Amino acid sequence: MKQKPRIQISLHEVDLRLKQKPLKAFVQAVLQQEQIPASHVHIILVNDEYLRQLHARFLNDDTYTDVMTFNLGDQEDIEGEIYISLDRAGKHAQRFGVTLAEEILRLIAHGLLHLKGLDDETEAQRKVMRQKEDQILKTLAPTEAFLE
Numbered sequence: 083m084k085q086k087p088r089i090q091i092s093l094h095e096v097d098l099r100l101k102q103k104p105l106k107a108f109v110q111a112v113l114q115q116e117q118i119p120a121s122h123v124h125i126i127l128v129n130d131e132y133l134r135q136l137h138a139r140f141l142n143d144d145t146y147t148d149v150m151t152f153n154l155g156d157q158e159d160i161e162g163e164i165y166i167s168l169d170r171a172g173k174h175a176q177r178f179g180v181t182l183a184e185e186i187l188r189l190i191a192h193g194l195l196h197l198k199g200l201d202d203e204t205e206a207q208r209k210v211m212r213q214k215e216d217q218i219l220k221t222l223a224p225t226e227a228f229l230e
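According to the numbering used here, the sequence shown holds residues 83 to 230 in order.
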């Protein structure tokens, strides 16, 4: 039987207090439900500028984005890094009338689905991705608050 994946949550140049246990449990539940073969997943919450610089460096796109996902392993043994802009998450939360916590969970789910191999370059792909995110949030969102 495969070992449980190592899950890390880090903050980089952002001021946020959070409880890691419910977030890690959410990541573990998504990995299990979506059958994502990960040995290590690292969620890094960053600011807009940091993620824009990553976006420019790795995707040659000098624009702001909400989430970037990297698989440092292979599709049989995923070692994922998911960078999430807390600035973008806050703006999205206001725009869509949801809490910051809900938007962070959606972006984590989005990044995990990218690790699974889903893409969102076309309208049809975005629709599938959004439906998967909605289903994940509906069934797996933690009941315990993770933002302090």
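Each residue gets a CB set at the ideal place from its N, CA and C atoms; glycine is no exception. Small disclaimer: the values here were computed from a predicted structure and weren't measured.
DSSP has residue i in a bridge; who is on the other side?
{"i": "M150", "result": "Y165"}
{"i": "S92", "result": "I126"}
{"i": "D156", "result": "D159"}
Label residue i either buried or exposed according to how many other C-beta atoms from any shown protein chain fall within 10 Å of its C-beta, with 16 as the threshold for buried.
{"i": "R134", "result": "buried"}
{"i": "M83", "result": "With a pLDDT of 38 at M83, under the threshold of 50, the predicted position of this residue should be treated as unreliable, and no value is reported."}
Among the options, which residue has its Cα nearest to the Cα of residue i?
{"i": "I118", "options": "L187, F140, P87", "result": "P87"}
{"i": "A223", "options": "H94, V112, Q102", "result": "V112"}
{"i": "V109", "options": "A206, I126, V96, H137", "result": "I126"}
{"i": "H124", "options": "L197, E215, D201", "result": "L197"}
{"i": "L105", "options": "Q176, A183, K214", "result": "A183"}
{"i": "L195", "options": "R212, Q102, T204", "result": "R212"}
Can you tell me the Cβ-Cβ gap for residue i and residue j, rounded? I've got them flagged as a contact below 8 Å.
{"i": "I166", "j": "V128", "result": "7 Å"}
{"i": "I218", "j": "G193", "result": "Wrong, their Cβ atoms sit about 11 Å apart, outside the cutoff."}
{"i": "E185", "j": "A171", "result": "5 Å"}
{"i": "H34", "j": "E161", "result": "Since the first and last residues shown for the chain are 83 and 230, residue 34 lies out of range."}
Going along the chain, which residues of its own chain have a beta-carbon closer than 6 Å to the beta-carbon of residue i, five neighbours each way excluded?
{"i": "L200", "result": "M211"}
{"i": "K214", "result": "L195"}
Would you say residue i touches the ligand ATP, meaning its beta carbon is less than 8 Å from a heavy atom?
{"i": "S121", "result": "Among the ligands in the structure shown, none appear at all, so the ligand ATP cannot be discussed."}
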